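Numbering (our numbering), first residue to last: 2 to 376.
Every residue gets a Cβ at the ideal spot worked out from N, C-alpha and C, and that includes glycine.
Predicted, not measured: the structure shown is a model, and the values here were computed from it.
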Amino acid sequence: MKIHEYQAKEIFAQYGIPTVLGEAARTVDEVYDYAVKAAAPIMVKAQVHVGGRGKAGGVKFCPDPEKAREAAEKILGMDIKGCKVSKVLIYPAIDIKREAYLGITIDRAAKKIVFIGTSQGGVEIEELARAKPDAIKKILLDPTLPPDLSLFQEMGAALYPEPLLAAEAADILALLYVIFLEKDCTLVEINPLVVNGEGRLIAADAKIVFDDNALWRHPGLSLLQDFEQENPKEIEAKKYGLTFVDLDGNIGCIVNGAGLAMATMDMIKAAGGQPANFLDVGGSSNPDKVLNAIRIILRNPKVKVIVINIFGGITRCDDIAAGIIKATDSMEIPVPICVRLTGTNEDKAREMLKGTNLISADTMKNVIQKAVSFV
Ligand code: GDP
Ligand code: MN
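Set out below in structure tokens:
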């Protein structure tokens with residue numbers, strides 16, 4: 002789960018990481034009034050769940066209230082990489098002398114936590130990693146052991162040659178690490194971590210991503226979720242007990258079990274097709290789940306065919322068939338549906354689907370080949 006910069010900065014402040022808090026504003030007037038009261042330059046920053054806002058024109062330094070008004074007029078309502086800006090963060094601008102990057106995430110390949118830092122912050126870290134990989138310092142640590150304090154110092158020294166700044170950076174990294182562990186994060190990031198006019202370190206930006214699978218341990222955190230920023234189809238799917246992820250292709254997929262769903266997508270690719278989504282209907286077999294799954298998939302106009310691949314264990318094939326029939330009876334389905342049902346109650350399901358215009362196949366490979374032939 003992602004949260005906004007203004008929310009992440011509040012968490013930073015609670016943990017003692019130096020930053021500048023402000024307000025989240027939804028209207029141009031709020032921004033203007035804030036700038037008048039501040040009587041100093043302010044920042045106006047789009048609050049969206051994507052990076053690179055600066056480059057997209059969503060971050061503006063505003064020396065006076067008129068400029069703040071102009072910035073708010075431009076940024077509020079803007080579209081940044083498909084995310085609509087309905088809020089901006091406003092705060093007294095930090096006087097920036099230098100920009101570094103400091104972050105913590107998980108290195109899945111190494112099965113370790115990784116500290117990432119570079120003295121060349123401000124730009125997107127992915128870009129720097131491509132252009133100048135040597136400029137990035139990475140330190141791996143074992144999450145099952147208490148951290149070795151020298152690792153924090155090592156990163157601090159990699160960012161700043163000045164001992165005082167290096168020590169401050171080490172302290173900030175230690176606090177970031179406490180947040181990372183206590184709140185079950187998958188990413189905490191300060192980009193840029195800046196040296197201000199007084200020579201002190203301050204987090205000028207803040208990013209935190211929480212592990213969805215651990216949210217139950219932190220009931221308060223879900224209150225921070227901004228539904229406006231989420232994919233509406235993914236939210237709706239969750240409501241119906243479906244796990245859904247939107248993808249770029251044109252073959253809709255309805256599968257039971259995450260592993261089979263992944264294998265189905267792999268086979269679609271291997272057969273020359275492109276999946277339009279990942280969809281796991283889960284273990285239970287409520288016919289309404291299938292109905293809702295078809296409805297959500299058809300909301301994507303790119304979809305040319307739907308594959309239903311079910312391996313019936315706890316999921317009963319006849320319930321799935323009932324869901325498909327309910328869907329074909331209750332709505333216009335403009336694309337072919339290719340079905341492979343095997344396992345519990347498959348005979349009953351086959352009987353039910355007889356006489357419908359669904360395209361049946363006996364194996365996973367066959368159903369996928371049939372589907373790919375429609376695109
Ligand atoms: P991002 O592009 O989405 O990562 O947004 P950032 O908040 O990191 O802002 C992008 C750039 O705007 C930074 O690298 C800074 O150069 C500049 N910037 C951000 N915050 C401030 C600030 O408080 N004061 C000043 N002077 N510049 C800022
Ligand atoms: Mn940033």
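Taking C-beta atoms as the reference points, residue 251 and residue 45 fail to come closer than 8 Å. Going by DSSP, residue 315 is part of no beta strand (DSSP E) at all; its letter is neither H nor E. Shortest Cα-Cα distance from residue 175 to any of 103, 126 and 363 involves 103.
Remark: C-beta atoms of residue 243 and residue 323 do not approach each other more closely than 8 Å. Between residue 94 and residue 62, the beta carbon gap of about 6 Å places them in contact (Cβ cut-off 8 Å). For residue 193, the shortest C-beta to heavy atom distance toward the ligand MN is below 7 Å. Remark: C-beta atoms of residue 7 and residue 180 do not approach each other more closely than 8 Å.
Rounded to the nearest angstrom, the Cβ distance from residue 193 to residue 118 is 12 Å, too far for a contact under 8 Å. Relative to residue 60, the option among 254, 37 and 88 whose CA is nearest is 88. Counting along the chain, the unbroken alpha helix (DSSP H) around residue 238 starts and ends at 233-240. Each residue's CA atom was taken as its position, placing residue 288 and residue 319 some 9 Å apart. Between residue 263 and residue 276, the CB-CB gap reaches or exceeds 8 Å.
A distance of 8 Å or more separates the beta carbons of residue 321 and residue 195.
In the assembly as shown, residue 169 is a buried residue. Its beta-carbon has 16 or more other beta-carbons within 10 Å.
Shown here, residue 306 sits in a strand according to DSSP, grouped into three states. Across the structure, residue 137 and residue 3 are spaced so that their CA atoms are roughly 24 Å apart.
Three or more Cβ pairs drawn from the region 301-316 and the region 343-359 lie within less than 8 Å of each other, which places the two stretches in contact. By the Cβ neighbour-count rule, residue 206 is buried, with 16 or more other Cβ atoms within 10 Å of its own.
Residue state for residue 336 is assigned as coil, using DSSP reduced to three classes. As for any alpha helix (DSSP H) of minimum length 4 sitting wholly inside the region 65-136, the runs are 66-76 and 126-132, ordered along the chain. Minimum Cα-Cα distance from residue 77 among the listed residues 56, 92, 99 and 49 corresponds to 49. When the Cα atoms are used, residue 101 and residue 317 turn out to be separated by approximately 55 Å. Distances between the C-beta of residue 62 and the heavy atoms of the ligand GDP include at least one below 7 Å. Rounded to the nearest whole angstrom, the CA to CA distance from residue 111 to residue 182 is 18 Å. Bounds of the alpha helix (DSSP H) holding residue 263 are 259-271.
For residue 296, the shortest separation between its Cβ and any heavy atom of the ligand GDP does not lie below 7 Å. Residue 232 sits exposed, since fewer than 16 C-beta atoms from the chains shown fall within 10 Å of its C-beta.
Distances from the CA of residue 69 to each of 26, 238 and 199 were compared; the closest alpha carbon is that of 26.
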